[in-house]
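Asker: Residue 893 is where the sequence shown ends in our numbering, and the numbering goes up by one at each step.
Just dropping this structure here.
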Amino acid sequence: MSKYGNSSTYDTLKNNKLAPSKRFGQNFLVNRHTAEAIVRAGNVRPTDIIMEVGVGLGALTVPLAGAAHHVYGFEIDSGIIRFHEEEGDLPANVTLIHQDILAADFTEVAARCGGKLKIMANLPYSISNPFIFKLIDNASLIESATIMLQKEVAERLMAEPATKAYGVPTVLLASRATVKKMMTLGPGEFHPRPKIDSVVVTIDFTAKKDAFPEYDFQLFKQIVRTTFNQRRKTILNTLARAAVLTDAVEDKSAAKEICQLAIAEAHLSPQARPETLTVVDFIALTGELGLRLG
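Structure (structure tokens):
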């Protein structure tokens with residue numbers, strides 16, 4: 600049974616009483632050459648154990664299995680799981696896991712895979728942002744992630760400071776990894792056709808290892824989120840009133856002074872807005888605030 604082409608995908612779904620789920624944001628890849636190109640973009644090696652997110656009808660799973668040692672395919676849709684179990688259509692080196700990837704324990708998955716995770720995904724648009732944040736929080740467990748995202752989300756991950764797209768996910772991910780655009784996919788690559796283009800990116804979590812001085816990542820996240828929540832305000836005005844400072848000092852009036860000192864020692868302007876700060880700036884500010892907050 601062919602897994603490719605709009606008509607083949609439509610027939611497979613219809614014949615098995617399946618339908619693309621709006622709830623799960625399903626858009627099935629229909630081009631074999633594109634699937635193979637994505638596997639190449641992920642630099643999949645014969646010794647790799649792959650964590651695939653969103654098995655679907657197996658369009659990406661099959662070429663992944665042909666290139667890798669083993670594939671653990673996570674799929675939330677019980678109908679899709681049942682289809683593959685009944686058809687027995689996936690290669691022997693594919694293990695299906697019926698689970699919501701956002702609920703998965705990456706520590707357990709990494710242990711099962713025997714090392715750092717190499718992730719491949721045709722990601723449902725509806726979970727793009729929470730999945731990216733899950734990757735960031737589990738960065739130490741991941742080697743790389745090659746994923747398809749809606750164009751707008753991909754642009755945010757690669758945005759430069761002082762641009763509209765630059766924000767929380769940009770800065771947090773830049774502190775953990777590098778992001779490279781691999782290819783753009785038009786709506787015709789999928790069934791059903793989405794209304795927007797998709798972009799395949801590769802996120803390399805090994806490139807930033809030891810790139811920055813040691814810092815408190817939880818405090819860093821608080822600072823980044825707090826300042827971007829009011830992105831048009833100055834970092835001094837935002838942080839001086841933020842809970843990250845006021846909850847940590849007994850004398851609330853001292854919060855602004857602490858903030859001023861930290862900003863100065865980080866060689867930043869108190870009038871700067873978060874959208875103008877680089878990841879290096881945020882890390883420097885985190886370090887200086889951390890020293891003063893104990």
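By construction, the Cβ of each residue, glycine as well, lies at the ideal position given by its N, Cα and C atoms.
Source: prediction; values computed, not measured.
(1) Less than 8 Å between the C-beta atoms of GLU856 and GLU887, yes or no?
(2) Please work out which residues of its chain come closer than 6 Å, Cβ to Cβ, to PHE811, disregarding the five sequence neighbours upstream and downstream, and give them in chain order.
(3) Going by beta-carbon coordinates alone, are ILE649 and ALA667 separated by less than 8 Å?
(4) Given ASP610, which residues of its chain have a CB within under 6 Å of its CB, disregarding the five upstream and five downstream residues?
(5) Hey, out of VAL654, PRO729, GLU751, THR660, whose CA is closest to PHE673's CA?
(6) Kindly indicate which residue of GLN817, ARG792, VAL778, PHE819 has the alpha-carbon position closest to the one of ASP803.
(7) Would you list the residues sitting across from ASN721 in a DSSP beta bridge?
(8) Compare the Cα-Cα distances from ARG681 to each of THR837, GLY889, ILE696 and report the closest residue.
(9) Would you say the segment 624–642 touches the segment 742–761, given that touching needs at least three Cβ pairs under 8 Å?
(10) At what residues does the beta strand (DSSP E) containing LYS672 begin and finish?
(11) Using DSSP with H/G/I as helix, E/B as strand and the rest coil, what is PHE623?
(12) So, helix, strand or coil for GLU759, using DSSP?
(13) Check the DSSP bridge columns for THR875 and list the partner residues they point to.
(14) How many whole angstroms separate the CB atoms of VAL661 and PHE789, which I take to be in contact at a CB cut-off of 8 Å?
(15) Can you find a CB in chain D that lies within less than 8 Å of the CB of LEU612?
(16) Would GLN749 be called buried (16 or more neighbouring beta carbons within 10 Å of its own) or exposed?
(17) Alpha carbon to alpha carbon, how far is ARG775 from GLY665? Give it in angstroms, no decimals.
(18) Out of PRO619, LEU818, LEU701, GLU813, which one is the CA nearest neighbour of PHE730?
(19) Classify LYS565 as helix, strand or coil using the three-state DSSP reduction.
(20) With GLU651 as the anchor, note down where its beta strand (DSSP E) starts and where it stops.
(21) If you count every other CB in all the chains shown that lies within 10 Å of the CB of MET600, and 16 or more means buried, which is it?
Answerer: A quick look at the data gives this:
(1) no
(2) ILE882
(3) yes
(4) none
(5) VAL654
(6) VAL778
(7) MET747
(8) ILE696
(9) yes
(10) Per the sequence shown, the amino acid found at residue 672 is Gly instead of Lys. That run of the beta strand (DSSP E) goes 669–674.
(11) coil
(12) coil
(13) The partner list for THR875 (beta bridge, DSSP) is empty, contrary to what the question assumes.
(14) Not confirmed; about 17 Å, so no contact.
(15) No chain D is part of this structure, which consists of one protein chain only.
(16) buried
(17) 30 Å
(18) LEU701
(19) Residue 565 lies beyond the stretch modelled for the chain, which goes from 600 to 893, so this question has no answer here.
(20) 648–652
(21) Residue confidence is low: MET600 scores 44 on pLDDT, short of 50, so the model does not pin down where it sits. Its coordinate-derived value is still stated next. Classification for MET600: exposed.
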